[in-house]
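Worksheet for the structure shown next.
There are 2 protein chains.
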Amino acid sequence: MITLTEENYIKAIYHLGKYGVNNVSTNAIAKEMETKASSVTDMVKKLSEKEYVDYKKYQGVSLTAKGIDIAINIVRKHRLWEVFLVEKLNFSWDEIHDVAEQLEHIKSEKLISQLDAFLEYPTHDPHGDPIPDKSGKIKKIDKILLSEAQIGDDCICVGVQDSSSEFLKYLDKNCIALGTELKVIHKEPFDNSITIQILTKEFTISNMIANNLFVKVS
Amino acid sequence: MITLTEENYIKAIYHLGKYGVNNVSTNAIAKEMETKASSVTDMVKKLSEKEYVDYKKYQGVSLTAKGIDIAINIVRKHRLWEVFLVEKLNFSWDEIHDVAEQLEHIKSEKLISQLDAFLEYPTHDPHGDPIPDKSGKIKKIDKILLSEAQIGDDCICVGVQDSSSEFLKYLDKNCIALGTELKVIHKEPFDNSITIQILTKEFTISNMIANNLFVKVS
DNA sequence: AATTATTTTTAGACTTATCTAAAAATAATT
DNA sequence: AATTATTTTTAGATAAGTCTAAAAATAATT
Ligand SMILES: [Mn+2]
Ligand SMILES: [Mn+2]
Ligand SMILES: [Mn+2]
Ligand SMILES: [Mn+2]
Numbered sequence: 001m002i003t004l005t006e007e008n009y010i011k012a013i014y015h016l017g018k019y020g021v022n023n024v025s026t027n028a029i030a031k032e033m034e035t036k037a038s039s040v041t042d043m044v045k046k047l048s049e050k051e052y053v054d055y056k057k058y059q060g061v062s063l064t065a066k067g068i069d070i071a072i073n074i075v076r077k078h079r080l081w082e083v084f085l086v087e088k089l090n091f092s093w094d095e096i097h098d099v100a101e102q103l104e105h106i107k108s109e110k111l112i113s114q115l116d117a118f119l120e121y122p123t124h125d126p127h128g129d130p131i132p133d134k135s136g137k138i139k140k141i142d143k144i145l146l147s148e149a150q151i152g153d154d155c156i157c158v159g160v161q162d163s164s165s166e167f168l169k170y171l172d173k174n175c176i177a178l179g180t181e182l183k184v185i186h187k188e189p190f191d192n193s194i195t196i197q198i199l200t201k202e203f204t205i206s207n208m209i210a211n212n213l214f215v216k217v218s
Numbered sequence: 001m002i003t004l005t006e007e008n009y010i011k012a013i014y015h016l017g018k019y020g021v022n023n024v025s026t027n028a029i030a031k032e033m034e035t036k037a038s039s040v041t042d043m044v045k046k047l048s049e050k051e052y053v054d055y056k057k058y059q060g061v062s063l064t065a066k067g068i069d070i071a072i073n074i075v076r077k078h079r080l081w082e083v084f085l086v087e088k089l090n091f092s093w094d095e096i097h098d099v100a101e102q103l104e105h106i107k108s109e110k111l112i113s114q115l116d117a118f119l120e121y122p123t124h125d126p127h128g129d130p131i132p133d134k135s136g137k138i139k140k141i142d143k144i145l146l147s148e149a150q151i152g153d154d155c156i157c158v159g160v161q162d163s164s165s166e167f168l169k170y171l172d173k174n175c176i177a178l179g180t181e182l183k184v185i186h187k188e189p190f191d192n193s194i195t196i197q198i199l200t201k202e203f204t205i206s207n208m209i210a211n212n213l214f215v216k217v218s
């Protein structure tokens, strides 16, 4: 039996460990979980006890195979629920995360497999993130950050790095959604801002925006 | 802020207090919650502190207006989710209760109002129980127990008293569902069993079954 | 009315998850 | 290499919810 809190720690460790081969540090987990390092140490000991993580004092943690399984299953549930909220209940993509944070902890195999079928086996969530399949496999698409695209590149928006409500609302306001086609017109070396063209309209976005938008070059 | 445990206690008190004008006893709550009377006393003090219940030592509890509001909202969520599971995810009526027990605690106004709309504002859950509307109003239908019907009555099944998986599976096996029409052919005084006719087929059910099936006499 | 049985409450302990403050280990600087 | 800064862990405390065992109140019987 695994508690809701344990699930959240495992998910945090999973997301923090995804990039880079190093172990995940106590402080990084504390920041992600909005808790104190001492609380993390306690929990990490328990997770280690239960063999969800490998842990050596002062050396940080990494998920075991068992831990990864659990993490991926939570991510799968989270993203399927996000699709449900947008596709069936008319939520917008900036309103779904907090509800999905709750729904991801509902325990029922059948619920998730039926939801998956009901949604017709979606491969990506409303933020462009891949949805692990039943066996935990995750399909990676070759996306790059818009900030890495070259002048003249024809791109299509496929995901966001930052899925905060603020950023998503900014994109809405500027008519940028997943599937939107754009062309890179100019990259300003001074501030790394990028001028893009959507349909016939040209406009300039800051480097910060370009750094949080994933595109596929076509 | 209200905890999941508090919500479950409030819901239990609501269901126990629905019939009869007396206060709900500590022991009754303990039985319903599968916990010890001493734990109930502790919790009831807290609920009283937060003004969800009226409580005087040794006198049992009753919900305040605030407590009733919360209870009805949980019941509403529970039943809407049950409809969702059956109508959209192809669950059968004996598989939904435990999942709904989890889903009823998800906190999001919008989630429930959108779910309600998505399901086209259902008035009853898959067990025939009424779904409170947004404002908490509950429509009562005039149903009676099959055991109370008279010989010769033409009835239609509209609900179950016991919604345990065992009972529901029994009904499935005997082709009794909500909406099924039946006629009372005979009532055996010795054991209070009842002979009913469904379509052309006649068969006898025990008093225990008849005591857990709600019908409307047409 | 007195005794017995049942229900309810209290007292004290335990678990989970959290915190602060202090100690220990590791990393970064001089 | 020694000092300083940062990170991590330990120690001890707190809050929520639970438990057992014992005491107190209420209800039922004689
Ligand atoms: Mn999310
Ligand atoms: Mn997402
Ligand atoms: Mn139910
Ligand atoms: Mn029901």
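Here the protein sequences line up with chains A and B, keeping their order. First residue of the first sequence? That's 1 in full-length UniProt numbering, and the numbers climb one at a time after it. First residue of the second sequence? That's 1 in full-length UniProt numbering, and the numbers climb one at a time after it. From the three backbone atoms N, C-alpha and C, an ideal C-beta is built for every residue, glycine too.
key: Helix, strand or coil at tyrosine 58/B [DSSP, three-state]   = coil
Q: Take asparagine 23/A and list the residues in its own chain whose beta-carbon comes closer than 7 Å to its own, dropping the five residues that flank it on each side.
A: Only Gln59, Gly60, Val61, Ser62 meet the Cβ criterion.
Contacting positions in the stretch 96-111 of chain B - beta carbon closer than 9 Å to chain A = Cβ contacts with chain A come from Asp98, Val99, Gln102, Leu103, His105, Ile106, Lys107, Ser108, Lys110, Leu111.
- Residues that DSSP places opposite glutamine 197/B in a beta bridge: Lys183/B, Glu202/B
Determine, using beta carbons only, whether threonine 89/A comes closer than 8 Å to chain B.
Residue identity differs from the one stated: residue 89/A is leucine in this sequence, not threonine. Answer yes: the Cβ-Cβ gap between leucine 89/A and chain B drops below 8 Å somewhere.
Do we get a CB-CB distance below 8 Å when we pair leucine 168/A with the residues of chain B? no
#### Entry: Rounded Cβ spacing between lysine 88/A and phenylalanine 118/B (contact assumed at less than 8 Å)
6 Å
Open item on the list: Check whether chain A comes within 8 Å of glutamine 114/B, counting only Cβ atoms and requiring the distance to be less than that.
Closed with: yes
Closest Cα partner of cysteine 157/A within the set Ser147/A, Thr180/A, Lys173/A: Thr180/A
Handout entry: From His186/A, Ile194/A, Gly159/A, Ile185/A, residue whose alpha carbon lies closest to that of isoleucine 141/A
Key = The shortest C-alpha to C-alpha distance from isoleucine 141/A to any of His186/A, Ile194/A, Gly159/A, Ile185/A is the one to Gly159/A.
Next item on the list: Go to aspartate 98/A, then tell me how far its alpha helix (DSSP H) extends in each direction, as first and last residue.
Entry: It spans 97-103 - the alpha helix (DSSP H) in which aspartate 98/A sits, taken as one unbroken run.
The beta strand (DSSP E) with aspartate 162/B in it runs from where to where?
-> Counting along the chain, aspartate 162/B falls outside any beta strand (DSSP E), and DSSP gives it neither H nor E.
**Prompt:** Of the residues Tyr121/B, Ala149/B, Asn212/B, which one's Cα is nearest the Cα of alanine 177/B?
**Reply:** With distances taken between Cα atoms, alanine 177/B lies closest to Asn212/B.
Would leucine 4/A be called buried (16 or more neighbouring beta carbons within 10 Å of its own) or exposed? exposed
Span of the alpha helix (DSSP H) around lysine 139/A:
Premise fails: lysine 139/A is in no alpha helix (DSSP H) and is neither H nor E.
Could you work out which residue in Cys155/A, Ile112/A, Ser163/A is closest to lysine 183/A when comparing CA atoms only?
Ranking the options by Cα distance to lysine 183/A, first place goes to Cys155/A.
Taking only three categories from DSSP, how would you classify leucine 111/B? In the three-state scheme derived from DSSP, where H, G and I count as helix and E and B as strand, leucine 111/B is classed as helix.
**Prompt:** Can you pull the DSSP bridge partners for valine 83/B?
**Reply:** DSSP lists no partner for valine 83/B.
Can you give the beta carbon distance from serine 193/B to isoleucine 205/B, rounded, assuming they're within the 8 Å contact cut?
7 Å
Quick one: measure Cβ to Cβ for isoleucine 29/B and valine 40/B, integer angstroms, because I've assumed they're closer than 8 Å. 5 Å
Does DSSP classify alanine 21/B as helix, strand or coil? Note on residue identity: the sequence assigns valine, not alanine, to residue 21/B. Residue state, collapsed to three classes: coil.
So isoleucine 10/B and alanine 71/B are supposed to be a Cβ contact under 8 Å. How far apart are they, rounded? Indeed they touch by this definition, with Cβ atoms about 5 Å apart.
Residues bridged to valine 44/B by DSSP? Its beta-bridge partners do not exist; DSSP assigns none.
| query | Mapping DSSP to helix, strand and coil, what is lysine 216/B? | reply | strand
What's the C-alpha gap between serine 218/A and aspartate 153/A?
Each residue's Cα considered, the two are about 8 Å apart.
TODO: Kindly confirm or deny that the stretch 109-127 of chain A and the stretch 106-117 of chain B touch, where touching means at least three C-beta pairs closer than 8 Å.
DONE: no
Return the first residue and the last residue of the alpha helix (DSSP H) that methionine 1/B is part of.
Run containing methionine 1/B: none; DSSP gives neither H nor E here.
Next on the checklist: Can you tell me whether leucine 146/B is helix, strand or coil according to DSSP?
Outcome noted: helix
List the DSSP bridge partners of leucine 63/B. Val53/B
Exercise for review: Kindly examine ligand 4 and report whether one of its heavy atoms sits closer than 7 Å to the Cβ of glutamate 95/B.
Suggested key: no
Problem - Through-space distance from lysine 187/B to threonine 195/B, alpha-carbon basis - result: 6 Å
query = What does phenylalanine 118/B reach in chain A if we use C-beta pairs closer than 9 Å?
reply = Lys88, Leu89, Asn90
- Item | alanine 100/B beta carbon near ligand 3 (any heavy atom closer than 7 Å) | yes
Can you tell me whether histidine 78/B is helix, strand or coil according to DSSP?
helix
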